[in-house]
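Asks: Numbering (full-length UniProt numbering), first residue to last: 1 to 292.
Backbone N, C-alpha and C define an ideal beta-carbon position, used for all residues, glycine too.
First the structure, which I've put down as structure tokens, then a few questions once you've had a look.
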């Protein structure tokens, strides 16, 4: 088996069916790849909906005992993968090119020392959102003018490299585990490569469509966890003070504006989430970031 496509399901069954339908149209023969899905949902909808594909392609479903988060679920999928290469994918991806997998594997074979390969990942506006040239809070951490990380929605990795790196850091329940893995790969000397010739479409936010305060509390907690893991204590403390000062003023500012227009509610929620998280760190220590 050359390739294992790894997918995590959390209430995204319909998207997975669309993805499997797209995969069946790929030019890469089905005996060269498999799909491994970890089901983080506690229902049988995935089994029922995927059943019709199982005679057409190799598809394994692993039921997690509970919602274990994205990174831990991907690690579980990798443990059951048989492929030499792993393609980590979000369930809400749609293939735009029938030879996508075939061309992606050719590119990997031409660049055997890669750490991660990604391609263009297009949003609803046709913009490529796959690549970032800075880390959380704008740091480059010594990698200025280079690709710092790829979205975990689409990452090709060698299975042995993924295992040697320990997979995703399970301290991250959801969000920033992709940033962390890419950072560790770059530190180990493995390059991040972008294959611009290939494109894939990403709906985005299928498993968590709401962007309210609860979302930003989870997202920013992971951002601060990344910062705590990879900044020096002095730099982390300086970042806390800087971001706390900014968020405090912005909460006041957007707190007034949100009463006048819904346009400012999201900005208010972002800054309120930052204030809440920083307060928790300051009152309970950064150990709080590691609690699920």
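1. Spatial neighbours of residue 179 within its chain, please: C-beta separation below 7 Å, excluding the five flanking residues on both sides.
2. So within the UniProt domain "Glycosyltransferase 2-like" (4–137), which uninterrupted alpha helix (DSSP H) runs reach at least 4 residues, ignoring any that extend past its ends?
3. Is the CB-CB distance between residue 319 and residue 83 below 8 Å?
4. What does the Cβ neighbour count give for residue 56, buried or exposed, with the cut at 16 atoms within 10 Å?
5. So residue 243 and residue 274 are in contact, right, with Cβ under 8 Å, and what is the actual spacing, rounded?
6. Whole angstroms are fine: how far does the CA of residue 266 sit from the CA of residue 297?
7. Can you look up residue 200 in the DSSP assignment and give me helix, strand or coil?
8. Counting Cβ pairs closer than 8 Å, one from the stretch 178–197 and one from the stretch 108–121, do we hit at least three?
9. Would you report the Cα separation of residue 281 and residue 221, rounded to the nearest angstrom?
10. Can you tell me which of 65, 69 and 37 puts its alpha carbon nearest to the alpha carbon of residue 58?
11. Please confirm whether residue 67 and residue 40 have their CB atoms less than 8 Å apart.
12. Terminal residues of the continuous alpha helix (DSSP H) containing residue 178?
13. Just how far apart, CA to CA, sit residue 186 and residue 230?
14. Would you list the one or two residues that DSSP bridges to residue 158?
15. Around the Cβ of residue 111, are there at least 16 other Cβ atoms within 10 angstroms (buried) or fewer (exposed)?
16. Taking C-beta to C-beta, are residue 290 and residue 268 nearer than 8 Å?
17. Out of 287, 214 and 233, point me to the one whose CA is closest to residue 271's CA.
18. Between the Cα of residue 182 and those of 35, 78, 146 and 122, spot the shortest distance and give me the residue it belongs to.
19. Using C-beta distances below 6 Å, list every residue in its chain close to residue 172, excluding the 5 sequence neighbours before and after it, in chain order.
20. Between 263, 276 and 88, which lies nearest to residue 167 when the distance is taken from Cα to Cα?
21. Go ahead and label residue 98 buried or exposed: buried means 16 or more other beta carbons lie within 10 angstroms of its beta carbon, across all protein chains shown.
22. Cβ of residue 63 within 8 Å of Cβ of residue 13?
23. Nearest by alpha-carbon distance to residue 34: which of 204, 6, 228 and 170 is it?
Replies: Based on what the coordinates show:
1. The sequence position of residue 179 within the chain shown is 179, counting from 1. These residues qualify, in order along the chain: 135, 136, 149 and 226.
2. 13–24, 45–50, 70–79 and 100–110
3. As shown, the chain starts at 1 and ends at 292. That puts residue 319 outside it, with no answer to give.
4. Taking the first residue of the chain shown as position 1, residue 56 is located at position 56. So residue 56 counts as exposed.
5. Sequence index remark: in the chain shown, residue 243 carries index 243 (1-based). Sequence index remark: in the chain shown, residue 274 carries index 274 (1-based). Right, their Cβ atoms sit about 6 Å apart.
6. Only positions 1 to 292 of the chain appear in this structure, which leaves residue 297 out of reach.
7. In the chain shown, residue 200 corresponds to position 200, counting from 1. Correct three-state label for residue 200: strand.
8. yes
9. Working through the chain shown from its first residue, we reach residue 281 at position 281. Working through the chain shown from its first residue, we reach residue 221 at position 221. So the alpha carbons of these two residues sit roughly 10 Å apart.
10. Translated into positions along the chain shown, residue 58 becomes position 58. Looking at the Cα atoms, 37 is the closest of the given residues.
11. Against the chain shown, residue 67 aligns to sequence position 67. Against the chain shown, residue 40 aligns to sequence position 40. Taking 8 Å as the Cβ cut-off, residue 67 and residue 40 qualify as a contacting pair.
12. Translated into the one-based positions of the chain shown, residue 178 becomes position 178. That run of the alpha helix (DSSP H) goes 177–187.
13. Counting from one through the chain shown, the residue named residue 186 turns up at place 186. Counting from one through the chain shown, the residue named residue 230 turns up at place 230. Cα to Cα, the separation comes out at about 13 Å.
14. The residue you call residue 158 lines up with position 158 of the chain shown. Looking at the DSSP output, residue 158 shares a beta bridge with 85.
15. On the chain shown, position 111 is the one that residue 111 refers to. Classification for residue 111: exposed.
16. Stepping through the chain shown from its first residue, residue 290 is reached at position 290. Stepping through the chain shown from its first residue, residue 268 is reached at position 268. No.
17. Here residue 271 refers to the residue found at position 271 of the chain shown. The shortest C-alpha separation from residue 271 is found at 214.
18. The residue you call residue 182 lines up with position 182 of the chain shown. Of 35, 78, 146 and 122, the residue nearest in Cα terms is 146.
19. Here residue 172 refers to the residue found at position 172 when the chain shown is read from its first residue. Contacts found: 71 and 222.
20. Residue numbering aside, residue 167 sits at position 167 when the chain shown is read from its first letter. Selected option, being the one with the closest Cα: 88.
21. Residue 98 sits at position 98 when you count from the first residue of the chain shown. Label assigned to residue 98: exposed.
22. Residue mapping note: residue 63 aligns to position 63 of the chain shown, counting from 1. Residue mapping note: residue 13 aligns to position 13 of the chain shown, counting from 1. Their beta carbons are not under 8 Å apart, which means residue 63 does not touch residue 13 by this criterion.
23. The residue given as residue 34 occupies position 34 in the chain shown. The residue with the shortest Cα to Cα distance from residue 34 is 6.
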